[in-house]
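In terms of the working numbering, the sequence shown opens at residue 2 and continues consecutively. The structure appears right after this line, and notes come after that.
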Amino acid sequence: MSISFADEVRNELARIIPERRCCQRSELTALIRSNGTLSITQRQIGLILKTDNAAVARKIFKLIKANYNLFTEIMVRKKMRFHRHNSYQVKIPPQKGTREMLIEAGVLDSMYRFNYKLDHDLVARECCSRSYLRGTFLGAGSVNHPDRGYHLEFSFDHEEYARELLDFFNSFQLNGNMTFRKNSHVIYFKNSDDIATFLNLIGAHSALLKYEDYRVMKNIKNDVNRRVNCETANLEKTITASMQQLEDIQLIADKYGIDSLPASLQEIARLRIAHPYVSLKELGQLLNPPLSKSGVNGRLRRITKIANKIRQNQKIKGG
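In structure tokens:
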């Protein structure tokens, strides 16, 4: 089964382990803030992070062990419906150090109350802010394949935290919007440049190259379609105008004969009969000497004027 573009991005990001400890903690904090669920057993706090991506689950496990050395386990659940992939739970049972980790992550404040504000000290460095963006995507983000339209989004339970993150995204000149959908606060981006910038910021360079390839091909395809549609419309317009011109010429020929027209109009009338589907520009090039498009149009308009007078006289006599 082929994987989605979003999972391609996740797989690439899961292989990135920041060298600096501050960046590792920043990314882990973003994962906890966007994906973590607290569990309370006998007044002791634990933590569960869920993901459908095995590589992301392994990365969370590594970051926890490297930074906090807490007992952590990965649980796998098989999804039976619709042949979906496994679901993974990274679980930190209640133990000494869990509460301190949650305070450092900003999930709890010093009084052990829930906190939904972004800790700006945690993202003060550029490297840490990029890591935080990466962790946020791994925890709550999704991106469409460019063939399906340009769309990047993040889903959060708490509005206050979502608004904090929207301001954080906008600080990178990413023009996001927010909506409420299915009991979640969703930050989304529709501009392809914003999405490409975000993929670059979080280090998804292979996915970015693929994204840009598809974006270029899509733009070329759209440009070709526009040109074809434009040419088709122009051709239809040319044929419609030509049919009307031929009808005018035939009316004059039946009433007075083409020889009754001035020499210049006789010439253009006979050319139009001989070449019913060419454009005015091409028709002008067939004359000797050649005539401009506006000059050809002027002669044909004179023919139309004569034909309209014949029609008007026929109406008067018929009336």
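Note that the Cβ used here is the ideal one computed from N, Cα and C, for glycine as well.
Own chain residues within Cβ distance below 7 Å of residue i, not counting five before or after
i       : result
Asn-298 : Leu-281
Ala-205 : Val-10, Glu-13 and Leu-14
Ile-203 : Leu-14, Arg-131, Leu-134, Arg-135 and Phe-138
Pro-94  : Gly-47 and Phe-72
Ala-163 : Phe-157, Met-179, His-186 and Ile-188
Thr-42  : Pro-95
Which listed residue (the options) has its alpha carbon closest to that of residue i
i       : options                               : result
Lys-97  : Gln-315, Phe-72 and Gln-90            : Phe-72
Leu-14  : Ser-3, Leu-48, Ala-58 and Asn-184     : Ala-58
Asp-195 : Asn-171, Gln-45 and Thr-241           : Asn-171
Val-91  : Ala-234, Val-108 and Asn-54           : Asn-54
Ser-5   : Ala-208, Val-229, Ile-274 and Arg-303 : Ala-208
Asn-176 : Ser-185, Tyr-162, Lys-191 and Asn-184 : Lys-191
His-186 : Ile-317, Ala-242, Ile-274 and His-159 : His-159
Gly-140 : Leu-29, Glu-213 and Leu-266           : Leu-29
Lys-219 : Lys-60, Gly-150 and Met-76            : Gly-150
Asn-314 : Ser-295, Gly-107 and Ile-253          : Ile-253
Leu-266 : Leu-301, Gly-142, Arg-21 and Asn-145  : Leu-301
Glu-165 : Lys-79, Arg-34 and Ala-264            : Arg-34
Ala-242 : Arg-228, Val-144, Arg-273 and Ser-3   : Arg-273
Limits of the beta strand (DSSP E) - the one that residue i falls within
i       : result
Ser-132 : That residue, Ser-132, is in no beta strand (DSSP E); its alpha helix (DSSP H) goes 127-141.
His-186 : 185-190
Asn-178 : 178-182
Phe-157 : 153-157
Leu-27  : First, the residue type needs correcting, since residue 27 is Ser and not Leu in the sequence shown. Note, Ser-27: premise wrong, no beta strand (DSSP E); alpha helix (DSSP H) at 22-36.
Residue i classed as buried or exposed, judged by whether at least 16 other C-beta atoms fall within 10 angstroms
i       : result
Met-102 : buried
Ile-18  : exposed
Cys-24  : buried
Pro-147 : buried
Ala-275 : exposed
Asp-110 : exposed
Asn-87  : exposed
Asn-36  : buried
Arg-182 : exposed
Phe-155 : buried
Thr-99  : buried
Gln-245 : exposed
Tyr-89  : buried
Asn-116 : buried
Ile-269 : buried
Residue i CB to nearest heavy atom of the ligand NAP below 6 Å
i      : result
Glu-13 : Absence of the ligand NAP is noted for the structure shown, with no ligands found whatsoever.
Residues of its chain near residue i, where Cβ-Cβ distance is below 6 Å and the 5 sequence neighbours each way are ignored
i       : result
Ser-130 : Val-124
Thr-180 : Val-187
Thr-52  : Ala-58 and Tyr-89
Leu-64  : Gln-25 and Leu-29
Contact set for residue i: own chain, Cβ-Cβ below 8 Å, skip 5 residues either direction
i       : result
Arg-271 : Ile-259
Arg-303 : Leu-266
The alpha helix (DSSP H) enclosing residue i, as first and last residue numbers
i       : result
Leu-167 : 160-171
Phe-199 : 193-202
Ser-111 : Here Ser-111 belongs to no alpha helix (DSSP H), and DSSP marks it neither H nor E.
Arg-44  : First-last for Arg-44: undefined, no H or E at that position.
Asp-214 : 206-256
Val-10  : 6-15
Could you pull out every unbroken alpha helix (DSSP H) segment of at least 4 residues lying fully inside the stretch 48-106, listed in chain order?
As far as the stretch 48-106 is concerned, its whole alpha helix (DSSP H) runs of at least 4 residues are 55-68 and 99-105.
Which runs of the alpha helix (DSSP H) spanning at least 4 residues fall entirely within the stretch 262-305, listed in chain order?
Positions of the alpha helix (DSSP H) runs, each at least 4 residues long and wholly inside the stretch 262-305, are given as 264-275 and 281-286 in order along the chain.
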